[in-house]
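Presented below is the structure to which this report refers.
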Amino acid sequence: MKTFRFILSFIITIATGICLNTKFGSVPPLGKFLSPFHGFWQNAENKAIDPVQNLVLDGLKEPVNVYFDDLLIPHIKAQNEEDLFFTQAYITAYHRLWQMEFQLLAAEGRISEILGSGFLNFDRGQRRIGLKYGAEASLELFRKEEPAIYRLVAAFTAGVNAYIESLDYKDYPIEYKLLDYKPEEWTPFKCFLLISNMHSMLSGGERDLEHTNALKKWGREVFEILYPERPLEEKLDPVIPRETDFNFVPVKIEKPSVKFPLSFTLPTLETPNPANGSNSFVVNGNKTTNGKVILTNEPDLNLNLPSIWYVAHLNCPTINVMGATLPGGPGVIIGFNDSIAWGNTNAKRDLVDWYHIQYKDESRNEYLYNNNWVPTKKVIEKFEIRGSKPFYDTIVYTHHGPVVYDESFGDGRSEITNLAMKWTAHLPSKEIKAIYLVNKASQYDQFVEALSNFSGPPQNYSFAAANGDIALWVNGKFPVKWEEQGKFLMDGSEVDHEWKAYIPHDHNLHIKNPDQNFVSSANQHAADTLYPYYQYDYNYEYYRGRRINERLRIMSNIEVEDMMKLQHDNFNYNAFEAMPMMLDSLDTASFTDKEQKYYTLLRSWDYFNHPDKQAPSVYETWWSKLNSKLWDEIDNSDVKVYRPGWFNTVNILSRDTDFFMIDNQTTTIKETSGDLFRDTFRETIEALEEYLEDPDNTLLWYEFKNTTVQHLLRLAPFSFDKIKIGGNKSIVNAASKRHGPSWRMVVELGDGEVNAWGVYPGSQTGNPGNPKYGHMIDDWATGEYYPLLFKRDLNKSEINCTITLQPK
122 MKTFRFILSF IITIATGICL NTKFGSVPPL GKFLSPFHGF WQNAENKAID PVQNLVLDGL
182 KEPVNVYFDD LLIPHIKAQN EEDLFFTQAY ITAYHRLWQM EFQLLAAEGR ISEILGSGFL
242 NFDRGQRRIG LKYGAEASLE LFRKEEPAIY RLVAAFTAGV NAYIESLDYK DYPIEYKLLD
302 YKPEEWTPFK CFLLISNMHS MLSGGERDLE HTNALKKWGR EVFEILYPER PLEEKLDPVI
362 PRETDFNFVP VKIEKPSVKF PLSFTLPTLE TPNPANGSNS FVVNGNKTTN GKVILTNEPD
422 LNLNLPSIWY VAHLNCPTIN VMGATLPGGP GVIIGFNDSI AWGNTNAKRD LVDWYHIQYK
482 DESRNEYLYN NNWVPTKKVI EKFEIRGSKP FYDTIVYTHH GPVVYDESFG DGRSEITNLA
542 MKWTAHLPSK EIKAIYLVNK ASQYDQFVEA LSNFSGPPQN YSFAAANGDI ALWVNGKFPV
602 KWEEQGKFLM DGSEVDHEWK AYIPHDHNLH IKNPDQNFVS SANQHAADTL YPYYQYDYNY
662 EYYRGRRINE RLRIMSNIEV EDMMKLQHDN FNYNAFEAMP MMLDSLDTAS FTDKEQKYYT
722 LLRSWDYFNH PDKQAPSVYE TWWSKLNSKL WDEIDNSDVK VYRPGWFNTV NILSRDTDFF
782 MIDNQTTTIK ETSGDLFRDT FRETIEALEE YLEDPDNTLL WYEFKNTTVQ HLLRLAPFSF
842 DKIKIGGNKS IVNAASKRHG PSWRMVVELG DGEVNAWGVY PGSQTGNPGN PKYGHMIDDW
902 ATGEYYPLLF KRDLNKSEIN CTITLQPK
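The sequence shown begins at 122 in the numbering used here and counts up by one.
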């Protein structure tokens with residue numbers, strides 16, 4: 122009996138040990154995870170920052186000092202550029218290692234390695250669109266042509282690895298422990314993959330296949346009503362002021378006699394968030410009280426934790442720059458130095474085209490091009506899958522680019538398949554060099570020269586200089602296209618469908634020191650029709666840019682606080698243009714008491730989406746229901762198409778009250794826009810009354826909208842919701858439910874001084890166990906800014922902690 126008990130006890134002990142060190146589904150090994158000495162308890166930090174004060178590291182040439190201020194912004198003081206970027210990498214990894222790695226695993230199509238087979242289709246899509254392919258091409262270009270910059274990338278890589286090598290399991294960020302994996306070695310490739318990932322977020326959006334479907338389904342007349350290139354031209358307020366004179370001879374490409382392959386396709390890849398964009402505006406000394414220039418910037422992106430941006434001050438004898446960096450890459454993306462400041466907004470341009478590929482036979486070894494059979498290149502991609510056997514995917518490459526949709530990948534119901542993707546992100550490019558040179562530029566000409574190295578994603582670069590200059594460049598590598606080239610699926614065998622030239626950099630749209638005394642961009646059309654190159658995107662912004670320009674035209678004696686206030690402007694231009702038409706259609710004489718209450722609330726509204734107002738909740742619900750009912754034929758289409766944008770929806774409803782999609786095809790009565798407004802108004806009231814049956818619910822806009830800054834793993838305890846902020850999509854303060862201003866910056870230059878302020882919805886630390894985690898969110902929501910301490914030497918009272926890094 123004793124022997125039996127001993128054996129049973131031994132078996133239970135062994136089984137318990139195995140269980141505690143084995144991952145079951147999404148549950149991490151509990152033994153390691155719960156260990157008080159190594160597990161998640163080690164991620165709870167009593168102090169905001171408490172690093173080792175003196176570090177001795179391989180890879181450094183000379184000592185480096187790092188001073189953290191109260192926001193945990195590192196002020197890095199090095200004696201040479203390689204040590205500077207080594208230390209930038211080490212310190213960024215200290216705060217953001219898991220984020221740095223995880224976002225690039227996603228970009229490379231490797232999430233299945235961590236999260237299992239449910240993410241295989243996502244990973245296949247990432248490989249097939251060619252992010253890895255483009256990063257490898259740029260890496261090779263730098264190795265051959267830019268050895269000096271490549272050395273800085275190598276130094277950055279060494280800095281990340283120095284931090285990784287210092288870690289034991291107990292030191293791992295908590296996400297590694299939750300998902301039960303460990304960080305891998307950093308490589309220069311990852312720095313270039315970060316640029317590819319930027320392309321994916323900001324230039325990967327297109328609707329070519331949906332356009333092809335719509336054109337075949339409804340014909341040209343309806344297509345032009347739904348998706349016009351320049352609706353209501355007189356209302357457009359482009360980035361480059363109207364009537365600008367373009368003093369150059371453009372590169373000419375004749376439009377061929379074109380026949381598009383009009384076949385239904387069913388694209389399955391997700392389109393990047395169409396709300397990805399930004400605001401930036403700059404005023405010169407003629408508009409300010411003190412004669413200084415002021416630049417602002419706020420990139421509107423997904424609201425995540427850890428935050429997209431990491432703020433740093435980089436200083437050595439040849440560089441002194443501060444601003445928002447992207448964790449995983451060297452240099453400052455949006456920021457300022459002693460002489461200039463710059464910001465970015467997304468420059469809307471269609472840079473993704475699709476080609477139908479005709480193979481010679483089932484081997485896919487050759488495809489038709491210019492009446493010849495041209496060899497393909499095949500790449501076998503291996504996907505490691507947690508808990509499963511590896512998966513192998515053969516991707517065929519043509520000179521256009523990778524064949525994304527084929528018999529093995531896609532919906533399976535398309536009339537044609539074998540669709541190749543051509544994208545500027547596949548081309549080798551020098552963005553890392555451009556970022557480096559912008560960081561060092563001291564005047565306009567140097568800034569422009571730096572931008573000539575920036576191919577994409579295309580950006581509207583705003584500029585301000587201490588000498589009083591202001592400017593804006595619509596910057597990127599843009600193919601010269603004939604009208605409507607790339608708007609629909611093209612024939613991959615036709616030479617005339619090729620990209621044959623690129624717009625010379627000095628032909629890119631730009632303006633310096635305009636008579637209006639300001640420049641601005643908010644993702645709207647870049648220019649009027651006088652610009653001699655074809656410009657097109659499916660997703661221009663029609664509201665924010667107009668509001669910003671209208672305000673700047675009438676503002677004078679501007680101070681920094683005025684620019685901050687404009688960044689937080691909550692005016693709802695969409696409601697201003699749509700709601701009077703909607704309200705005027707209602708039969709107020711027949712209203713119930715509840716209908717009268719909601720009608721009165723809307724009639725008395727001033728069109729500002731302030732957080733404590735109720736009218737925005739009513740209007741946005743009504744607008745949403747109106748769009749759902751109006752575009753139900755699109756939403757329920759048997760082929761993939763997409764809703765027209767808000768601006769054109771208002772245009773259609775105000776211009777054509779009998780448009781055929783307004784009519785409910787299931788009834789014998791022909792409905793007009795007035796019927797649509799009345800029906801959806803009643804549906805809105807019913808929905809809101811049902812919502813208010815829960816005593817915890819209110820119509821206060823911030824609660825109803827529920828802006829949320831969410832952890833990348835969608836973990837509620839690591840996220841923040843019900844943030845008290847106004848605004849919404851297409852409002853200058855573009856804070857919607859999961860999207861909004863990811864970094865706000867204001868910089869004032871002149872009289873030998875640089876003053877700057879910034880804030881973002883998160884924190885420098887990515888550790889949920891840190892007392893500073895997410896600490897800037899409330900101030901970001903209420904419009905507060907923090908001074909950015911741009912000094913070569915901080916005062917003792919400004920320093921939270923100091924680290925010295927010594928070479929070994």
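For each residue, glycine too, the CB sits at the ideal point set by N, CA and C.
{"Asked": "State the Cα-Cα distance for the pair residue 948 and residue 615, rounded to the nearest angstrom.", "Found": "This structure leaves residue 948 out entirely; the chain is present only between 122 and 929."}
{"Asked": "State yes or no: is the C-beta of residue 233 within less than 7 Å of the C-beta of residue 240?", "Found": "yes"}
{"Asked": "Can you check DSSP and say which residues form a bridge with residue 367?", "Found": "Bridge partners of residue 367: none, in fact."}
{"Asked": "What distance in whole Å lies between the Cβ atoms of residue 256 and residue 344, which are believed to be in contact at a cut-off of 8 Å?", "Found": "That belief does not hold up - the Cβ atoms of residue 344 and residue 256 are roughly 36 Å apart, past 8 Å."}
{"Asked": "Taking contact to mean at least 3 C-beta pairs separated by less than 8 Å, is the region 459-477 in contact with the region 212-226?", "Found": "no"}
{"Asked": "Taking the continuous beta strand (DSSP E) assigned at residue 925, which residues delimit it?", "Found": "922-928"}
{"Asked": "Residue 419: buried (16+ other C-beta within 10 angstroms of its C-beta) or exposed?", "Found": "buried"}
{"Asked": "Evaluate residue 508 with the Cβ neighbour count: other Cβ atoms within 10 Å of its Cβ, from every protein chain shown; 16 or more gives buried, anything less gives exposed.", "Found": "exposed"}
{"Asked": "Just to confirm, are residue 360 and residue 581 a CB contact at a threshold of 7 Å?", "Found": "yes"}
{"Asked": "In terms of residue numbering, what span does the alpha helix (DSSP H) encompassing residue 768 cover?", "Found": "767-776"}
{"Asked": "According to DSSP, is residue 754 helix, strand or coil?", "Found": "helix"}
{"Asked": "Please state the DSSP three-state secondary structure of residue 731.", "Found": "coil"}
{"Asked": "Anyone know if the C-beta pair for residue 773 and residue 781 falls short of 7 Å?", "Found": "no"}
{"Asked": "Could you name the residues of the same chain whose beta carbon sits closer than 7 Å to that of residue 783, not counting the 5 residues immediately before and after it, in chain order?", "Found": "751, 792, 793, 794 and 797"}
{"Asked": "Cutting at 6 Å between CB atoms, please list the residues of its own chain near residue 491, excluding the five before and the five after it.", "Found": "616"}
{"Asked": "State the DSSP-derived secondary structure class of residue 319, mapped to helix, strand or coil.", "Found": "helix"}
{"Asked": "Excluding five sequence neighbours on each side, which residues of the same chain lie with their C-beta closer than 6 Å to the C-beta of residue 476?", "Found": "521, 541, 611 and 613"}
{"Asked": "Figure out for me which residue from 528, 761 and 745 has the closest Cα to the Cα of residue 767.", "Found": "745"}
{"Asked": "Using three-state DSSP, classify residue 460 as helix, strand or coil.", "Found": "coil"}
{"Asked": "Rounded to a whole number of angstroms, what is the C-alpha to C-alpha distance between residue 349 and residue 425?", "Found": "34 Å"}
{"Asked": "Using 8 Å for Cβ pairs, my map puts residue 809 next to residue 742. What's the rounded Cβ distance?", "Found": "6 Å"}
{"Asked": "Helix, strand or coil: which one does DSSP assign to residue 788?", "Found": "coil"}
{"Asked": "Between which two residues does the alpha helix (DSSP H) harbouring residue 720 extend?", "Found": "714-724"}
{"Asked": "Using the Cα positions of residue 609 and residue 649, report the straight-line distance between them to the nearest angstrom.", "Found": "23 Å"}
{"Asked": "Taking the alpha-carbon positions, what's the residue 676 to residue 401 distance?", "Found": "16 Å"}
{"Asked": "Going by C-alpha to C-alpha distance, which of 747, 719 and 711 sits closest to residue 699?", "Found": "747"}
{"Asked": "Using 8 Å as the threshold, is the region 570-579 in touch with the region 547-557, meaning 3 or more CB pairs across them?", "Found": "yes"}
{"Asked": "Let me know the secondary structure DSSP gives residue 339 once reduced to three states.", "Found": "helix"}
{"Asked": "Could you compute how far the alpha carbon of residue 701 sits from the alpha carbon of residue 689?", "Found": "24 Å"}
{"Asked": "Taking residue 421 as part of the beta strand (DSSP E), name the residues at either end of that continuous run.", "Found": "414-423"}
{"Asked": "Looking at the structure shown, is residue 543 part of a helix, part of a strand, or coil, going by DSSP?", "Found": "strand"}
{"Asked": "May I have a chain-ordered list of the beta strand (DSSP E) segments no shorter than 3 residues that lie completely inside the region 536-613?", "Found": "540-544, 580-586 and 591-596"}
{"Asked": "Measuring CB atoms only, is the region 847-862 touching the region 435-443, in the sense that at least three cross pairs come out at less than 8 Å?", "Found": "no"}
{"Asked": "Excluding sequence positions up to five away, which residues of its chain have a Cβ less than 6 Å from the Cβ of residue 248?", "Found": "230 and 502"}
{"Asked": "Check whether the Cβ atoms of residue 515 and residue 498 lie closer than 7 Å to each other.", "Found": "no"}
{"Asked": "Evaluate the contact criterion for the region 559-566 versus the region 313-331: three or more CB pairs, one atom per stretch, below 8 Å.", "Found": "no"}
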